[in-house]
Amino acid sequence: MKFSYRQNDIYHNYITQVARFEGDILLMTYINATSQTKAGLDLSVKADPWKWMTATLGTNTYYLLSVGNIEEWDISNSGWVNNSNLRLDFRPIKGMNINLQYFLNTPQYYPQFTTRLSHYMNIGISQKFLKGALTVSAQLTDVFNTRKWEIFSDNQYYQLDNMLHGKSRMFWLGVSYNFNAYKKAGAGKVEGEDRTKIRTGV
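In the numbering used here, the protein residues as written are -13 to 188.
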């Protein structure tokens, strides 16, 4: 188990997106916000309940304060944030790994905007061949098609609700071959034979 205290992270004049009025038009643009401060805790836990399974939990919780303004308009925002992910690895047979990874993000606070809770899960499988030199893997991202970016703003000038849902569900197929790993395995075997046998001839 790993437990740590997150020191204050302070950023000044960072770029952030805002919405402002130009006449009767609501314009999305970028400004330099005054500052952003984060302070909280990181926690990481890894467990092996069985030889064929590993569970890893990572989570961080912090208080976020974003300070900024547009002319006389105060767009500061603040709140508690948690970002967590749980990964389960299964090894049903030799050389195979099946992993499930679930992500959960609570509302995030930015100048003028706040995001809504979001979550999604990825699933992957890999199999090693040729004494580990060849690996074939596949992964499906956002299995339940729930990953989205949704923000809202409610202030004295306007109410805004925006949701972006891109093509986050994708299937990846990979093949990798480690030439060095295969050669080292073979070289080790020959070296062992040389130490136990008497060779004759040329």
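We treat Cβ as the ideally placed atom computed from N, Cα and C, and that holds for glycine.
Restricting attention to W59, F89, N85, the CA atom closest to the CA of Q98 is found in W59. Approximately 5 Å separates the beta-carbon atoms of I109 and L126; this is inside 8 Å, confirming the contact.
Looking at Y96, L27, V129, the one whose alpha-carbon comes closest to that of Y106 is V129. Here T40 has D34, D75 as same chain residues with Cβ atoms under 6 Å from its own Cβ, once five neighbours each way along the sequence are excluded. In the structure shown, the three-state DSSP call for N166 is helix.
Membership of T15 in the beta strand (DSSP E) is indicated by the continuous run 11 to 18. Within 10 angstroms of the beta-carbon of G54 lie 16 or more other beta-carbons, which makes it buried.
Put simply, of N71, H(-2), N63, T2 the residue whose alpha carbon is nearest the alpha carbon of K32 is N71. For the set K153, N166, D140, N164, the Cα lying nearest the Cα of R6 is the one of D140.
Within the same chain, T23, S64 come within 6 Å of L51 by CB-CB distance, once the 5 residues on both sides are set aside. The C-alpha of H(-2) is placed about 7 Å away from the C-alpha of A19.
Remark: C-beta atoms of A124 and I137 do not approach each other more closely than 8 Å. Rounded to whole angstroms, the gap between the alpha carbons of A25 and I61 is 20 Å.
For L43, the CB contacts under 6 Å within the same chain, skipping 5 residues up- and downstream, are V31, L72 in chain order. For T23, the enclosing beta strand (DSSP E) has its first and last residue at 21 to 36. The beta carbon of Y143 sits closer than 8 Å to the beta carbons of F7, W59 from its chain, once the five residues preceding and following it are set aside; these are given in chain order. Annotation for S112: the continuous beta strand (DSSP E) segment containing it runs 104 to 115.
Taking C-beta separations shorter than 6 Å and ignoring five residues to either side along the sequence, the partners of T101 in its chain run P93, Q94, I137, following chain order.
Membership of G81 in any beta strand (DSSP E) is not indicated, and neither H nor E is assigned to it by DSSP.
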